[in-house]
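Below is one structure, written out as structure tokens; comments come after it.
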DNA sequence: AACCAGGAGAGAG
DNA sequence: CTCTCTCATGGT
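In my numbering, the protein residues as written are 11 to 226.
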């Protein structure tokens, strides 16, 4: 069922080529800044950081907190996010940079990332998948909403890990590639932004059960 | 003018 | 483990 949804989304929207960032570190910054925040606001903040040439792990920690806060203000929660950016930057530096982190074992790396204050499950998995190219699936509010509306899950607030396991076991069965992991999450976001947000039950959505049965 | 957006941490039960 | 509260800006 889940694999079928992925194929369906892919056929509707095509490849998304996520994450929208120029460098792996920009992915990390975006992952923090987009926490419960519209992506358009994140773009403004990242643009500000670029103007001040602060988009590297070495440049963030020495920057005074008030400066950092003012630059990322458009994303909201700017006081905590400024700290979070410093925490993550220091973590990356202490571990020899993102290139070095990439070599580590996935499960161990995920645990280390989750210890960083400000990096929760979704943020960690976004970094692992899109900045470090690890085969892991990212669960977000869109995923929960879509799966619930498609009847894949019974409650909308299913635990994060059980959902991730659900997708990953299905993906392994189909020998999914790294690109498949990246695309599926990107497609869910694309789809929910365009359709799911305004249609409460996905009635007219091409992905609704009835529509899927008709079209396939 | 309320409502929400690609969450996370801290605390309580 | 499962709620509940807080953090905060900008667009519709």
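Just so you know, even glycine gets a beta-carbon here, dropped at the ideal spot from N, CA and C.
Is residue 24 close to the ligand ZN? I mean its beta-carbon at under 7 angstroms from any heavy atom of the ligand. Although the ligand ZN was asked about, the structure shown includes no ligands whatsoever.
Check whether residue 23 and residue 195 have beta carbons under 8 angstroms apart: No, these two residues do not count as a Cβ contact at 8 angstroms.
Whole angstroms are fine: how far does the CA of residue 67 sit from the CA of residue 50? Roughly 23 angstroms between the two C-alpha positions.
Identify whether residue 195 lies in helix, strand or coil by the three-state DSSP scheme. If DSSP states are grouped into helix, strand and coil, residue 195 belongs with the helices.
What does the Cβ neighbour count give for residue 193, buried or exposed, with the cut at 16 atoms within 10 Å? The residue in question, residue 193, is buried, as its Cβ has 16 or more Cβ neighbours within 10 Å.
Under a three-way DSSP split, which group does residue 41 fall into? In the structure shown, the three-state DSSP call for residue 41 is helix.
Taking the alpha helix (DSSP H) that residue 140 belongs to, which residues open and close that run? Where residue 140 is concerned, there is no enclosing alpha helix (DSSP H), given that its DSSP letter is neither H nor E.
Mapping DSSP to helix, strand and coil, what is residue 224? Confidence is the limiting factor: at residue 224 the pLDDT is only 32, short of 50, which leaves the residue's position unreliable, though a coordinate-based value still follows. Helix, per DSSP.
So, are the CB atoms of residue 146 and residue 98 less than 8 angstroms apart? For the 8 angstroms CB-CB criterion, residue 146 and residue 98 do not form a contact.
Under the rule that 16 or more other beta-carbon atoms within 10 Å means buried, what is residue 106, buried or exposed? Exposed, because fewer than 16 other Cβ atoms sit within 10 Å of the Cβ of residue 106.
Boundaries of the alpha helix (DSSP H) in which residue 76 is found, first to last residue: That run of the alpha helix (DSSP H) goes 75-82.
Residue 3 versus residue 158 - alpha carbon distance: The structure shown does not extend to residue 3, since the chain is modelled only from 11 through 226, so no value can be given for it.
According to the neighbour-count rule (16 or more other Cβ atoms, all chains shown, within 10 Å of its Cβ), is residue 75 buried or exposed? By the neighbour-count rule (16 or more Cβ atoms within 10 Å), residue 75 is not buried but exposed.
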